[in-house]
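Below is one structure, written out as structure tokens; comments come after it.
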Amino acid sequence: MKRNESSDSTNSKKPKLRMGEDQQAKKEEFFQPVGQAAEEVDHEQVPENDNDGIRMTGAEDAQGHPVQEIDSLCMNCHETGVSRLLLTSIPYFREIVVISFECPHCGFKNSEIQPASTIAEKGSRYVLKIENKEDFNRQVVKSDYCTCKFIELDIEIPAKRGQLTTVEGLLSEMVEDLEMDQPQRKEVQPEIYEKIEQFLAKIRSVLNGETGLPLTFLIDDPSGNSWIEYVPGEPQHKWSVVEYNRTPQQNVMLGLVSADEVAAHEQEQQQQQPQRVRATGFMSDETDIENFANEVQVFHATCSSCYAPCETHMKVVNIPHFKDVIIMSTTCERCGYKSNEVKTGGAVPDRGKRVTLYCDDPEDLTRDILKSETCGLKIPELNLDLTPGTLGGRFTTLEGLLRQVRDELHSRVFQETSDSMTPESKANWEKFFERLDTALAGKMKFTVIMEDPLASSYIQNVYAPDDDPNMKVEEFERTREQNEELGLLDMKVD
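Numbered by full-length UniProt numbering, the letters in the sequence shown go through residues 1 to 494 in order.
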């Protein structure tokens, strides 16, 4: 039998808002998967046009056509065209509104998407490694605020209208835009024409999978409403996502705050700079320094999203046989912004640390675990690979961490199914969740591997201070790439 030692641990979880059954049913009724909506169209008769210029309004009548058609002005020939709207859900992502316009007079066509959800709490950055021709077929949801980059090709697509497309579709659209003016360039600027032709030939060669692979594709969206399709079971280097706090300028761009509020906030910070040390203090029942480790400290702060006054709660927790960690939580009552962070103290260690735990007992799920933002986690038996930055810093139990991973993947990745999901992909996801549920039930043995270049992560040793026979702790030298990514090469300690 294993002996457990009592430890001071905190498992903080964000509250989840659940809709009522009626509201949830109405949401599912409106935002059906594309395949289901298309199937309904095939079995329904299109009603005749009404006198208001609006036809097939599935939003007002749940039994009606899922596509709404609205008479709209064509901005090309100024005649009357037709705009079509479809409320749908994208597997692996969320609900969106697909909008397309077509003019029967001049043939002009246009399409875009609009997110049907609110702006996310944080911005998101997705990276996809394109290693073969099939990777160009990955779906891409691109919002109005999203920028796309192809690193090796030195191509950046600026933020413009939202799109539901593929990686190949983005490159093909760019090629079509450049080709449109090539006849005029050939007559007026023949040198530029030749350079663009060489560039277009290079892009076509990449799209055919002949040269230029592997290719790094990156999308950056401060609104958090863009996405690149994820394929279950692929290697860690293939696909990754990182969430980040928006800058004040990005909040202004999204319309969350005004430029005047940002300017006033920056001016106030500059005026209070000399008094910052004196103005910051702890709010607790005691003022003695000994009370610091026993109380939840409260700081007067400013919301990073709307700049309204708010409070940041901080608690120092000592993890036995490891070190002190700081748990920080911020909630803004004005805009609802929430942030939870776990930070470790102390100097930057000279070496990284790799912790390997073999879980062969259901009691192992109750072990405390600290996963920092710089830590990657792997469970080979479950085919689970979390890149550094995923889920942020977490101080919980092993069971709590695995449940959070399951909830995130199931709600954001496997919430809906449609005809666009291949049977093989669906089977892989079902097998993954089945094995993960088995592990959470304590009915299978698995190995947890945590690798942290800053040695700031921890798994509880239930045999402490003796060695744990199921746990292996190794130190390793950081690579130059890791030091550069962590900013250690730019640090000056002289």
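The beta-carbon is built from N, C-alpha and C at its ideal position, and this holds for glycine as well.
Residue of G392, K353, F217 and G393 minimising C-alpha distance to V473
The option with the nearest alpha carbon to V473 is K353.
DSSP on Q189, reduced to helix/strand/coil?
In the three-state reduction of the DSSP assignment, Q189 falls in the coil class.
Distance CB(G392)-CB(V342) smaller than 9 Å
yes
Give a yes or no on whether the C-beta atoms belonging to G169 and V140 are separated by under 9 Å.
yes
Around the Cβ of R351, are there at least 16 other Cβ atoms within 10 angstroms (buried) or fewer (exposed)?
exposed
Residues near P248 by beta carbon distance below 6 Å, same chain, minus five either side:
V262
When burial is assigned at 16 or more other CB atoms within 10 Å of the CB, is residue 495 buried or exposed?
Nothing can be reported for residue 495, as the shown portion of the chain is limited to 1 through 494.
Is it buried or exposed for P309, if we count other Cβ within 10 angstroms and need 16 for buried?
exposed
Rounded C-alpha distance that separates P104 from S83
Looking at the two C-alpha atoms, the distance is approximately 11 Å.
Hey, out of S457, P469 and D260, whose CA is closest to F322's CA?
S457
What is the DSSP secondary structure of E475, counted as helix, strand or coil?
strand
Give, in chain order, every unbroken run of the alpha helix (DSSP H) that is at least 4 residues long and sits entirely within the segment 182 to 269.
Residue ranges of uninterrupted alpha helix (DSSP H) with 4 or more members, entirely inside the segment 182 to 269 and ordered along the chain, are 182 to 188, 190 to 207 and 248 to 253.
Name the DSSP bridge partner or partners of A301?
DSSP lists C310 as partners of A301.
Can you grab the Cα-Cα spacing for the pair S411 / P222, in whole Å?
Using only the alpha carbons, I get a separation of about 21 Å.
According to DSSP, is F136 helix, strand or coil?
helix
Separation of N225 from L87, as counted between CA atoms
Taking the Cα positions, L87 is about 16 Å away from N225.
Start and end of the beta strand (DSSP E) containing S457?
In this chain, S457 is not harboured by any beta strand (DSSP E), its DSSP state being neither H nor E.
Could you give the DSSP three-state label for D71: helix, strand or coil?
In the three-state reduction of the DSSP assignment, D71 falls in the strand class, which pools E and B.
Grab the span of the alpha helix (DSSP H) containing N483 for me, first residue to last.
R480 to E485
Which stretch, first to last residue, makes up the alpha helix (DSSP H) that contains E430?
P423 to L440
R334 classed as buried or exposed, judged by whether at least 16 other C-beta atoms fall within 10 angstroms
exposed
Consult DSSP for G81 and reduce its assignment to one of helix, strand or coil.
strand
Could you tell me the boundaries of the alpha helix (DSSP H) in which S172 lies?
V167 to M180
Cα separation between S258 and C303?
14 Å
Could you tell me which residues DSSP pairs with M444 in its beta bridges?
DSSP output for M444 lists no bridge partner at all.
Count Cβ pairs between the segment 229 to 244 and the segment 172 to 182 that sit closer than 8 Å; are there 3 or more?
With a cut-off of 8 Å, the segment 172 to 182 and the segment 229 to 244 do not count as touching, because too few Cβ pairs lie within range.
For V137, which residues in the same chain have their Cβ closer than 8 Å to its Cβ, ignoring the five residues on either side in sequence?
The question names Val, but residue 137 is Asn in the sequence shown. The residues are T166, V167 and E168.
Output yes or no for whether 9 Å exceeds the beta carbon distance between Y126 and I219.
yes
Would E381 and F446 be called neighbours here (beta carbons separated by less than 9 Å)?
yes
Where L377 and D71 are concerned, what is the direct C-alpha to C-alpha distance, given to the nearest angstrom?
53 Å
Exposed unless 16 or more other CB atoms sit within 10 angstroms - verdict on G162
buried
Rounded Cβ spacing between I130 and L215 (contact assumed at less than 8 Å)
4 Å
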